[in-house]
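Reviewing the structure listed below.
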Amino acid sequence: MATVALAQRRGPTRWHLYASAILISLFILIPIYLIAVAAFTPRSVLNGFPKPIAPVAISTDTMQAFLATRGVGQSVINSLIVGALTLVLSLLLGAPAGYALARFSFRGRDSFQLLILITRAFPIVILAVPLTVTFIDWGLYDTLLAVALVHTALALPTTVLITASIFISVPVDLEEAALTLGCTPVGAFTRVAMPLALPGLAAACIFTFVLSWNEVFAAVILTVSNRTLPAQVLSSLGDSPLPFRFAGGFALILPALIFIFFIRRYLFNMWGRVVR
Amino acid sequence: MSEIGIERITKTYPGGKAPAVRDVSLSVRESEFMVLLGPSGCGKTTLLRMLAGLEYPDAGRILIGDRDVTDLPPRKRGMAMVFQSYAVFPHLNVFENVAFGLRMQKRPNEEVKRRVTNAAGLLQLDPYVERYPAQLSGGQRQRVAVARAIVMEPAVLLMDEPLSNLDALLRLQFRAELKKLVSEVKTTTVYVTHDQVEALSLGDRIAVMREGQIVQVAEPMVVYDRPATEFVGSFIGSPPMNFLRGITHAENGHTSVSIGGQSLLAPAAVASADNVLVGIRAENILASPTAPATGALQAETVVVEPLGSHLLVTATVEGQVVKVVTRTDFPARAGEPIWLQPESDKVRWLRASDGLAIVG
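Going down the list, the sequences are from chains G and X.
Using numbering that gives the first Met the number 0, you'd call the opening residue of the first sequence number 0 and step up by one each time.
Using numbering that gives the first Met the number 0, you'd call the opening residue of the second sequence number 0 and step up by one each time.
Structure follows, in structure tokens:
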């Protein structure tokens, strides 16, 4: 946004806009590209110097070897399950809270908004031991649910604040109009507020899923056998060869990219209102 | 049976100091166009929202026909509302916007199509039914909002300042269209506005509100010509009604009011108050450059403003400002004397102490 504003001050030229868009894109895409190339380059070529920038020889040997490694396949599935659980839990808990913050004025509303961020003030490192003990007590230790619960706790403050700002941007008049046209309050929410909030909710989903997909500390602490992908890669990173690391890096990036690709259309919705 | 009865409604918002609506009663007749008029914060929108069921009164009853709807949610009231912000659903195209209420009633598809097409036609929206609101102008969006309301064939149509977001030219045009449309569909209508011209042009009757209460309910020309209070006279009309302070004298069965050193004959009833306000509209004062026979007040011209169709002359009578409308060929010049003769049947006599009219 800052780049766009700057361009407008100097004179809103398309050229500025495109140049900054391309720069930002390159900054993000180049590392992804290099990892992808390395992950699909045969081991022999990869060991040479200089390393190839363009894919000179393509082979899936490295990826196959990585995926065939014991525990990797299962950890990908685990990561997907944890990500989905986190997403559902944080939306189920966070969206209603965000809606309430946006629509109703109640006692302690402002302090609630502040308090909610305090949960992020405790470093997960400090919480790790009490969490582990508690989860052992509850019989949740080394389960995917435990990891998903911690990820939900991590994601919830932002989910609440993001959804609150989304619902604030949906005018109350629209829901009231729906009420006068025969909707129940719940109907007005599902037929009017929800569809209009979808792009924003999609953004919240991406944020939550990516957070869960990348989170490694809680995943390492709370699981032994049921590792998520980052935990799996981390634990075996030190003593694995270079190609394995590239393959692992690529496997970590790919699902998040695919997820964003599918949810992307809700970000630029059909009535042309771009959400922050 | 869709007359509306509002009985002694009171509403205070949580945290509000004074009630937004205070002990208001009003009845609206079947297929009447009732305008709630008042300055911002007078409670007119609150009253409308309580009719719609978007707010609930602290006390009092609301009846539609002989049905008590006071505690019913909006969807059970058989009313449709047009919002100031249009409140057109951005994620639905024009057709689905208009069809929204019918879909909620689970009407069969053919009926929805027939009624939506009909309503869209009434508001000249036929070419736009496939479009989304973002592709429409403000005026077209407001048409969609109106179509969405009338397609419901509601018992009562509620409108909250529907023209206030349109630009001046469009407002004028849509106002006339709206009047024609509402007279055709014959729906009982309650219309909120702060624009007195809109109120005068649209209403069968006008309810003038101030500080949460209704001050006067009457036909537009009655409200204009015979305001019940000083507030009504000065809120309605452009320029507002002139009010001259005077003192009553009753001698030999004749009542007169003296304004400074000059005096005006007054009806006998005026004698009931010592201090009065003489209310007279700018266009009901006959101005002359020379002294006429009797009953005229001498004044001094202060400003002369040519307004195309007429002159607006600002003068002072004994130090009190009076605005007068004259023909454009009237020879008025600032600083010169002018004689003002109020048309006696158009004069309003009000008590100075509370601003209420003395003669009904």
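By construction, the Cβ of each residue, glycine as well, lies at the ideal position given by its N, Cα and C atoms.
Sub-9 Å separation of residue i and residue j beta-carbons
i: V184(X); j: E152(X); result: yes
i: A230(G); j: V209(G); result: no
i: V196(X); j: S237(X); result: yes
i: V97(X); j: A58(X); result: no
i: G42(X); j: Q212(X); result: yes
i: S255(X); j: A249(X); result: yes
i: L50(X); j: I61(X); result: yes
i: P288(X); j: E317(X); result: no
i: T133(G); j: L92(G); result: no
i: I57(G); j: F39(G); result: yes
i: P72(X); j: K10(X); result: no
i: A298(G); j: T118(G); result: Outside the displayed range of chain G (0 to 275) lies residue 298(G), so it cannot be described from this structure.
i: G294(X); j: P219(X); result: no
i: R140(X); j: V181(X); result: no
i: M78(X); j: T179(G); result: yes
Between the CA atoms of residue j and residue i - distance to the nearest angstrom
i: G120(X); j: E229(X); result: 44 Å
i: A1(G); j: I161(G); result: Bear in mind that the predicted position of A1(G) carries a pLDDT of just 45, short of 50, making it unreliable; the figure below should be weighed with that in mind. Distance between the alpha carbons of A1(G) and I161(G): 20 Å.
i: N241(X); j: A217(X); result: 21 Å
i: Q104(X); j: I3(X); result: 23 Å
i: S235(G); j: Q73(G); result: 15 Å
i: G107(G); j: E95(X); result: 40 Å
i: D224(X); j: R74(X); result: 40 Å
i: A147(G); j: L22(G); result: 36 Å
i: S84(X); j: G70(G); result: 58 Å
i: I80(G); j: A201(G); result: 18 Å
i: R209(X); j: G37(X); result: 6 Å
i: S343(X); j: L53(X); result: 47 Å
i: A96(G); j: N77(G); result: 28 Å
i: A6(G); j: H15(G); result: Note that A6(G) scores a pLDDT of 42, beneath 50, so its modelled location is shaky; the value from the coordinates is reported in the next line. When rounded, the distance between both Cα atoms is 6 Å.
i: L201(X); j: F173(X); result: 11 Å
i: S239(G); j: A67(G); result: 14 Å
i: P132(X); j: Q215(X); result: 39 Å
i: F260(G); j: L241(G); result: 29 Å
i: E164(X); j: T44(X); result: Looking at the sequence provided, one finds Asn at residue 164(X) rather than Glu. C-alpha separation (whole angstroms): 16 Å.
i: V346(X); j: E282(X); result: 11 Å
i: I34(G); j: L114(G); result: 40 Å
i: Q112(G); j: S39(X); result: 33 Å
i: C182(G); j: L276(X); result: 52 Å
i: L157(X); j: L256(G); result: 50 Å
i: L243(X); j: A331(X); result: 21 Å
i: L355(X); j: P226(X); result: 9 Å
i: L364(X); j: M80(X); result: Since the first and last residues shown for chain X are 0 and 359, residue 364(X) lies out of range.
i: L124(X); j: V143(X); result: 7 Å
i: V221(X); j: D203(X); result: 11 Å
i: V358(X); j: I279(X); result: 14 Å
i: I337(X); j: A175(X); result: 39 Å
i: L233(G); j: A154(G); result: 22 Å
Buried versus exposed, by CB contacts within 10 Å (16 or more), residue i
i: L100(G); result: buried
i: A272(X); result: buried
i: L228(G); result: buried
i: I205(G); result: buried
i: E175(G); result: buried
i: G15(X); result: exposed
i: W212(G); result: buried
i: R13(G); result: exposed
i: S1(X); result: buried
i: P18(X); result: buried
i: N225(G); result: buried
i: A203(G); result: buried
Any chain G beta carbon closer than 9 Å to residue i
i: M49(X); result: no
i: S182(X); result: no
i: R66(X); result: no
i: M158(X); result: no
i: H90(X); result: yes
i: R140(X); result: no
Chain X within 9 Å of residue i, Cβ atoms only
i: P122(G); result: no
i: A38(G); result: no
i: C204(G); result: no
i: D172(G); result: yes
Neighbour flag for residue i against chain B, beta carbons, 9 Å
i: F173(X); result: No chain B is part of this structure, whose protein chains are labelled G and X.
Legend entry - Segment contact, 8 Å Cβ cut-off, at least three pairs: the region 4-22 of chain X with the region 179-190 of chain X: Touching, no.
Legend entry - Validate contact between the region 49-62 of chain G and the region 239-249 of chain G using beta carbons, cut 8 Å, 3 pairs: Judged by Cβ distances under 8 Å, the region 49-62 of chain G makes contact with the region 239-249 of chain G, as three or more pairs qualify.
Inset, instruction - Examine the Cβ distances between the region 326-344 of chain X and the region 299-310 of chain X and report whether three or more of them are shorter than 8 Å. - result: These segments touch.
Inset, instruction - Would you check if the region 186-195 of chain G and the region 109-122 of chain G touch, i.e. whether three or more CB-CB distances between them fall below 8 Å? - result: Contact between the region 109-122 of chain G and the region 186-195 of chain G is absent, because fewer than three Cβ pairs lie under 8 Å.
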